[in-house]
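Written below as structure tokens is the structure these notes are about.
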Amino acid sequence: MIHTEKIFRPDRNPRLQELLTRFDLTLPENTDDNVGLYDGDQLVGCGFLKGNMFQGIAIDPAYQGEGLSATLISALIQLAVQRGMTYYQIITKPSMATMFMNLGFRRVADASPYAVFLENGAGSVAAYAKSLQEFAQGAPEPRACLVMNCNPFTLGHRYLVEKAAAENPWVFLLVVEEDRSEFPFADRIRLVREGVRDLPNVQVLSGGDYVISSRTFPAYFTRQESLSAAQGAMDAAVFAAVVAPALGVARRYVGTEPFSASTALYNEALTERLPPRGIEVVVVERTSANGEIISASKVRQCLREGDWDQVKKLVPESTWAYLRSGAAEHVIENMKHKE
Amino acid sequence: MRIRRTLLWIPGNNPAMMANAPILRADTIGLDNEDAVQPGDKDAARILIRNYLESVRGKHPLELAVRINDVTTPYWKDDITCIAPAQPDAFIVPKVERPEDLYLVHELLTQVEKEHGLPENEIKLLPILETALGIENAFLIASTTTGRLDGIMMGGEDLVTSLGALRTREGREIDYARCRIVSAARACNLNPIDTVFPDVEDIEGMIADTKYSRQIGYSGRAVISPRHVTYANEVYSPSEKDILYAQEVLEAYEEGRRLGKGAVSLHGKMIDAPMIPRAQQVLEIAKMIRGGKL
Amino acid sequence: MTIKHAAVAGTLESCDVMITVEPSDTLEITVDSTVKDLFGKKILACVEENLKKQGVTAAKVQVQDKGAFDCTIAARLEAAVLRAQKEG
Chain Y
2 MIHTEKIFRP
12 DRNPRLQELL
22 TRFDLTLPEN
32 TDDNVGLYDG
42 DQLVGCGFLK
52 GNMFQGIAID
62 PAYQGEGLSA
72 TLISALIQLA
82 VQRGMTYYQI
92 ITKPSMATMF
102 MNLGFRRVAD
112 ASPYAVFLEN
122 GAGSVAAYAK
132 SLQEFAQGAP
142 EPRACLVMNC
152 NPFTLGHRYL
162 VEKAAAENPW
172 VFLLVVEEDR
182 SEFPFADRIR
192 LVREGVRDLP
202 NVQVLSGGDY
212 VISSRTFPAY
222 FTRQESLSAA
232 QGAMDAAVFA
242 AVVAPALGVA
252 RRYVGTEPFS
262 ASTALYNEAL
272 TERLPPRGIE
282 VVVVERTSAN
292 GEIISASKVR
302 QCLREGDWDQ
312 VKKLVPESTW
322 AYLRSGAAEH
332 VIENMKHKE
Chain V
-4 MRIRRTLLWI
6 PGNNPAMMAN
16 APILRADTIG
26 LDNEDAVQPG
36 DKDAARILIR
46 NYLESVRGKH
56 PLELAVRIND
66 VTTPYWKDDI
76 TCIAPAQPDA
86 FIVPKVERPE
96 DLYLVHELLT
106 QVEKEHGLPE
116 NEIKLLPILE
126 TALGIENAFL
136 IASTTTGRLD
146 GIMMGGEDLV
156 TSLGALRTRE
166 GREIDYARCR
176 IVSAARACNL
186 NPIDTVFPDV
196 EDIEGMIADT
206 KYSRQIGYSG
216 RAVISPRHVT
226 YANEVYSPSE
236 KDILYAQEVL
246 EAYEEGRRLG
256 KGAVSLHGKM
266 IDAPMIPRAQ
276 QVLEIAKMIR
286 GGKL
Chain D
11 MTIKHAAVAG
21 TLESCDVMIT
31 VEPSDTLEIT
41 VDSTVKDLFG
51 KKILACVEEN
61 LKKQGVTAAK
71 VQVQDKGAFD
81 CTIAARLEAA
91 VLRAQKEG
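Chains as they are written, first to last, in this note's numbering: chain Y, 2 to 340; chain V, -4 to 289; chain D, 11 to 98.
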């Protein structure tokens, strides 16, 4: 008899591994909950919940087409609602997109051949786009845009924003909202605002539910190289479909990270996919301090090591004050422990 | 007493299957809020079952029964209070082990009937015996006097666990239990209803097992798949020969009475008292199958 | 009857309906159905009627219909409202 049940110890389940591998998926990490679809005691399907995103959805081909996708998704939605969420997202392979749309999911952005981004429930991409539009009303053109995590806001970020602000009459800075970063979103966006306060033509906005970070994306693809390319493709798809039209943006600024192959692939995807949609991509070389590239990951590394001298060289005054304050203390402690 | 050749289990939280139920040709539908519904959904399922019963009331020729949760769970009382007002034909009570279990349900049911102005004692009870203790207490349970008892059901799957036995295709491990229930039920003039054949795909095995079931005295069984229904119905239905014989038995008996004969014989054999109700039952089943024509 | 927190009942399987209710100051119902063009209004009417019966005057209700009968819609709505009253 088909029934749904939680999969305990998904990391120790060979049958689950088998199921995921068949769909070219890896086990989603750090998920909040999951649902297993069982026929008697045989696992024939699975789905994971991370925040409000459904991940790692797979159903044994022998069982497809029997309405079991509806059973699985319904069970996931029940889980999500029990956790107080009435809005859900799925990033899935293009081949599965139709199945989800038949279950009532709406397409937000298409990053084929890698993935498709779908949503369901309360709230909608249209409402989000409308709210963005309201922010953009009256802003001079042409407008540029940056999308950043700022975990935390560094001099590197500052440099990028400064450049965009110098070259364009108006700049939108979207801060990725999803809270899987070490520094909580509320602090991150505050630091960004403080860090660019002196630039009158820069407007800081929250990314909302649609600008997703690479952290929510992974685990769908097994090959590391395609992961970055896929992330970039999805970023471009959402940006071109939702963000840019709503904000009236014609340019996207991105920074490089010379020794990071993944960043290169990511940027490559943007450079490939945005211009055909009418959006210019400006790639800016990262600044360095003492020959070292300034990046947020470098800052976090130094914080873990307790190298405050180095940190001071990498962040603006506003960020420094925060890092030295009580507010950042527990975050830094957590980072040290989580190795 | 009702004839139930087949009792088809339908998950209580599945509107699609409930909608199809009438065309599936089982004598009784068992809307299940026990094993077929997860604990977190039982609250929604019982509302769905209730609404479904209200919507089909009077439109179904077949019997609508509801399996509640057993009396050791926190669910059974809500099952009764929520669903009884919609007047199912019967409540199926799983894992009955002692007469007290049935009296408990009977009491609550009587209370609900009073509160809602429903006809008294019309809703029947069908206990399922599926534990070692239940099997041993079969006769005691069958002799309870709630006035609602309308059959005794056999539950093989849970029983195997209770016995510490191993489930096999041939099912030898539940032989004793199956026969005991027939015996206890018949001793109290009740129809025994056999357990499901668990393998949905194995039609051959199901037919063989159902023939065995008929052989040992069952007049019907529960089924878990619509595919099993027609085959099972056929096995438990009287054949043309059976019907003819039953008619002859009754005619011979009638004639014997008219002529004032003390003992009556048919085809050289004496007609014993028990043969009369059995013959009547055969004709009842036949009548039911043929929609009133014989 | 007040909706205390978000709750859901029903499934996305054929012939069923998935109904989500959330707290709200006003009454807001959205219906999404495979047969929306033909039955959208009817489904909406069924939901409105049953909300009234349940005594719910303020809620955000999302209805995802997969071809459910009225009695199913009513049942799922009642279950969702019931669950929205439960603590924890």
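All C-beta atoms, glycine included, are put in the ideal place defined by N, C-alpha and C.
8 Å is my cut-off, CB to CB: does Glu32/D come that close to chain Y?
Chain Y contact via Cβ: present.
For Tyr47/V, go through chain D and note every residue whose CB falls closer than 7 Å to its CB, in chain order.
Those within 7 Å of Tyr47/V in chain D are Cys81.
Taking Cβ to Cβ, would you say Leu133/Y is nearer than 8 Å to Ala237/Y?
Not closer than 8 Å, so no.
Against chain V, which members of the stretch 12 to 31 of chain D pass a CB distance test of less than 9 Å?
Those residues of the stretch 12 to 31 of chain D that come within reach of chain V (Cβ to Cβ, closer than 9 Å) are Ala19, Gly20, Thr21, Glu23, Ser24, Cys25, Asp26 and Val27.
Should Asn8/V be labelled buried (16 or more other beta-carbon atoms within 10 Å of its own) or exposed?
So Asn8/V ends up on the buried side.
My understanding is that Ala241/V touches Glu23/D, with C-beta atoms under 8 Å, so please give their C-beta distance in whole angstroms.
Not quite, the Cβ-Cβ distance comes to about 45 Å (not below 8 Å), so this is no contact.
My parser needs the beta strand (DSSP E) runs of 3 or more residues fully inside the stretch 136 to 209 of chain Y; what are they?
Runs found: 144 to 149, 171 to 176 and 203 to 207.
What residues match up with Phe118/Y in a beta bridge as DSSP calls it?
Note: Phe118/Y sits in a beta bridge opposite Ile92/Y and Ala110/Y.
Just the Cα atoms here: how many angstroms apart are His55/V and Gly25/V?
Each residue's Cα considered, the two are about 14 Å apart.
Looking at chain V, is there any beta carbon in it that lies within less than 8 Å of the beta carbon of His4/Y?
True, the Cβ-Cβ gap to chain V drops below 8 Å.
Which bits of chain Y does Lys70/D rub up against, with CB to CB less than 9 Å?
Ordered by position in chain Y, the residues that pass the 9 Å Cβ test against Lys70/D are Thr87 and Ala123.
Return the chain-ordered list of same chain residues with a C-beta closer than 6 Å to the C-beta of Glu32/D, the five sequence neighbours on each side being excluded.
Around Glu32/D: Ala16 and Lys70.
From the DSSP secondary-structure annotation, give me the bridge partner or partners of Met265/V.
Paired residue(s): Ser260/V.
Reducing DSSP to helix, strand and coil, say where Glu281/Y ends up.
Note: Glu281/Y maps to strand in three-state DSSP.
Within the continuous alpha helix (DSSP H) that includes Tyr231/V, where are the two ends?
Segment Pro221 to Tyr231, the alpha helix (DSSP H) holding Tyr231/V.
Roughly how many whole angstroms lie between the Cα atoms of Gln18/Y and Gly57/Y?
About 11 Å.
Could you tell me whether any Cβ in chain V is nearer than 8 Å to the Cβ of Leu48/D?
So, not an interface residue.
Pull up the CB-CB distance for Leu21/Y and Leu50/Y, whole angstroms please, since I reckon it's below 8 Å.
About 15 Å; that fails the 8 Å criterion.
Okay, do the stretch 171 to 184 of chain Y and the stretch 147 to 162 of chain Y touch, 3+ Cβ pairs below 8 Å being the bar?
Cβ pair count under 8 Å is three or more, so yes.
So that I know if they touch, is there some Cβ in chain A lying closer than 8 Å to that of Gln33/V?
Of the chains in the structure shown, none is chain A; the protein chains are Y, V and D.
Return no unless some Cβ of chain V is closer than 8 Å to the Cβ of Thr223/Y.
With a pLDDT of 46 at Thr223/Y, under the threshold of 50, the modelled position of that residue is not reliable, and no figure is offered here.
Between Ile74/Y and Glu306/Y, what straight-line distance do the alpha-carbon atoms span, to the nearest angstrom?
Their backbone Cα atoms lie some 44 Å apart in a straight line.
Please compile the residues from chain D whose C-beta is within a distance smaller than 8 Å of the C-beta of Val82/Y.
Ordered by position in chain D, the residues that pass the 8 Å Cβ test against Val82/Y are Ala16, Ala17, Val18 and Thr30.
Could you give the C-beta distance for Thr5/Y and Gly52/Y, rounded to a whole number, given that I count them as a contact under 8 Å?
Contact flag wrong, Cβ pair sits at about 20 Å.
Is it true that the CB of Ile87/V sits closer than 8 Å to the CB of Met13/V?
Not in contact: Met13/V and Ile87/V (Cβ atoms no closer than 8 Å).
What is the DSSP secondary structure of Tyr70/V, reduced to helix, strand or coil?
In the structure shown, Tyr70/V sits in coil (DSSP, three-state: anything other than H, G, I, E or B).
With 8 Å as the threshold, decide whether the Cβ of Ala94/D is near any Cβ in chain V.
Not an interface residue.
Check whether the stretch 39 to 51 of chain V touches the stretch 66 to 82 of chain V, counting contact only when three or more Cβ pairs, one atom from each stretch, lie closer than 8 Å.
Yes, they touch.
Count the other CB atoms, across all protein chains shown, that sit within 10 Å of the CB of Glu117/V; report buried if there are 16 or more and exposed otherwise.
By the neighbour-count rule (16 or more Cβ atoms within 10 Å), Glu117/V is not buried but exposed.
In chain order, what residues of the same chain have a beta carbon less than 8 Å from the beta carbon of Leu103/V, not counting five sequence neighbours either side?
These residues qualify, in order along the chain: Lys72, Ile75 and Thr76.
Classify Thr223/Y as helix, strand or coil using the three-state DSSP reduction.
Note on Thr223/Y: pLDDT 46, under 50, position unreliable in the model; the coordinate value appears next. In the structure shown, Thr223/Y sits in coil (DSSP, three-state: anything other than H, G, I, E or B).
Assuming Gly146/V and Pro187/V make a contact with CB atoms under 8 Å, what is their CB distance in whole Å?
About 7 Å separates the two Cβ atoms, so the contact holds.
Along the chain, where does the beta strand (DSSP E) that runs through Gln95/D open and close?
Run containing Gln95/D: none in the beta strand (DSSP E); it sits in the alpha helix (DSSP H), Asp80 to Gln95.
So does the stretch 249 to 263 of chain V actually touch the stretch 227 to 235 of chain V, counting three or more Cβ pairs closer than 8 Å?
At 8 Å Cβ cutoff, the stretches do not touch.
Taking 8 Å as the cut-off, decide whether the C-beta atoms of Pro11/Y and Asn31/Y are in contact.
Contact: no.
Would you identify the three-state DSSP class for Ala328/Y, choosing helix, strand or coil?
Helix at Ala328/Y.
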